[in-house]
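See below for the structure under consideration.
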Amino acid sequence: MTREASSVTIHSGDCRATIATRGAGPSSLTLDGADLLEGYEVTGESAEAPFFANLVLAPWPNRTDGASFEYAGEHHQLELTEPGKNTALHGLVADRVWPVTSTTSDSVTLELSVSDEPGWPWPFRLSVTYQVTDSGLQASFAMRNDAEEPMPAACGFHLYPSALGAPTDDCTLTVPDHTVLPLDVRGLPAGPEQDDTVALPARDNRLAGALLDHCLHPTPGDTPPQFVLRRPDGAGVALTTSPELSWFQVFTPDAAAGMPYPGRPDGRAVAVEPMTAPPDALNSGVDLVVLEPGESLRCSWRVEVAPPPT
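Letter by letter, the sequence shown follows residues -17 to 292 in the working numbering.
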């Protein structure tokens, strides 16, 4: 384990992860030098992750319409962080520097307390622990309500899996059975869930040329949701989540669309963003959790190498 002001590096065997303190997400995850997550350079606490890469999203993920919502009979006006779409995007903590509270050679815990935010009167505390294994990275997250009254809550993680560094357009994305939540041009819900006939309609979906910004809702089952990104030889990376993370935004940065992911062929990458609730949950209430004073929302995910199918 090595530690700097802006990041912590942990390892197990040939697997190595660097966790940025700003946003508390992995800025790199490699196995034998091959990427399991899309990375970015961390040159100081001011370094920004491109497109929220691998960051924690809380106390809500995705977009809140009008940057406002009603809760318990009160109107709350958040900061408008996405003016072009008139929304508040991805919570309050993606640009915060999280204190490191414990480290070992293969694990690190970061914690952050938040209070007195515009439009968010409830103080809360976040904790995320990353554990490197010989095959990948596990994350365990908790959000505790430190207010004296109930608090609405949701969370997410803006993950960018990488199939051992292969170009995105060479890859396929294997997805669980799911429906899609239709979204309007601002990325907000625009109707009831429906069968996926456009975005990722097959079990295995080629990503060549695909422009995605879609919200998937896996069908509940006996096994946790899993997404697998594979290169042409079948090797790749698998993302598996705990049941609380039951919604997924799938998004492709693309240079042709004016949104290039730095350092990737044609600016192409794919985000698979596990969330506990869909876009605009603060207004719709869909899968929004209400935390009593002292109560916590907990969830977890893991990213690990996926061998070719046999």
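All C-beta atoms in this analysis are idealised placements derived from N, C-alpha and C, irrespective of residue type, glycine included.
Can you grab the Cα-Cα spacing for the pair A54 / P275, in whole Å? 15 Å
Simplified DSSP state of D(-4), which is helix, strand or coil: coil
Just the C-alpha distance for H199 and H140, rounded to the nearest angstrom, thanks. 16 Å
Can A124 and W283 be called in contact, C-beta distance under 8 Å? no
By DSSP, does S(-12) sit in helix, in strand, or in coil? In the displayed model, S(-12) falls within coil according to three-state DSSP, outside both helix and strand.
According to DSSP, simplified to helix, strand and coil, what is D151? Collapsing the DSSP output to three states places D151 in a helix.
Which residue's Cα is closest to the Cα of V24: S(-11), T83, F209? S(-11)
Residue nearest to A70 in terms of C-alpha spacing, selected from T91, E99, S87: If we check each option's Cα against that of A70, E99 comes out closest.
Determine the extent of the beta strand (DSSP E) in which N127 is found, giving its start and end residues. 118 to 127
Would you mind working out which of Q231, N265, W229, A251 sits nearest A238, comparing C-alpha positions? A251
Give the straight-line distance between the Cα atoms of G216 and G(-5), rounded to the nearest whole angstrom. CA-CA distance, G216 to G(-5), rounds to 23 Å.
Is the CB-CB distance between P81 and N36 below 8 Å? no
Buried or exposed by the 16-neighbour rule on C-beta atoms within 10 Å, applied to P365: Because residue 365 is not part of the residues shown, which for the chain are -17 to 292, the question remains open.
Could you tell me the alpha carbon to alpha carbon distance between T12 and G118, rounded to whole angstroms? 8 Å
I'd like the span of the beta strand (DSSP E) that includes S282, first residue to last. 278 to 288
Hey, how far is the Cα of A145 from the Cα of L74? Distance between the alpha carbons of A145 and L74 is about 30 Å.
Spatial distance of T161 from T0 (CA atoms): 34 Å
Measuring only from the beta carbon, is D152 closer than 7 Å to any heavy atom that is part of the ligand MN? Of the ligands one can find in the structure shown there are none, so the ligand MN has no counterpart to examine.
So what does DSSP say about P247, is it helix, strand or coil? helix
Could you have a look at N265 and say whether DSSP puts it in helix, strand or coil? helix
Where does D186 land, buried or exposed, given buried means 16+ other C-beta within 10 angstroms? exposed
Delimiting residues of the beta strand (DSSP E) encompassing S50: 50 to 53
Give me the residue from C137, P171, P164 with the minimum Cα distance to D178. P164
Which of helix, strand or coil does DSSP assign to P242? coil
Three-state secondary structure (DSSP) of G203: coil
Skipping 5 residues on each side, what residues in its chain have a beta carbon closer than 6 Å to that of M241? P235
Using 8 Å as the cut-off, can you tell me whether the stretch 102 to 112 makes contact with the stretch 13 to 20, which would need three or more C-beta pairs spanning the two stretches below that distance? no
If you run the structure through DSSP and keep just helix, strand and coil, what is P134? strand
T292 versus L189 - alpha carbon distance: If you take the alpha carbons of T292 and L189, they lie about 22 Å apart.
Where the beta strand (DSSP E) containing F233 begins and where it ends: 229 to 233
Beta bridge counterpart(s) of A16 as assigned by DSSP: L13
I'd like to know whether the C-beta atoms of L264 and F51 end up nearer to each other than 8 Å. yes
What residue range does the beta strand (DSSP E) around L221 cover? 218 to 223
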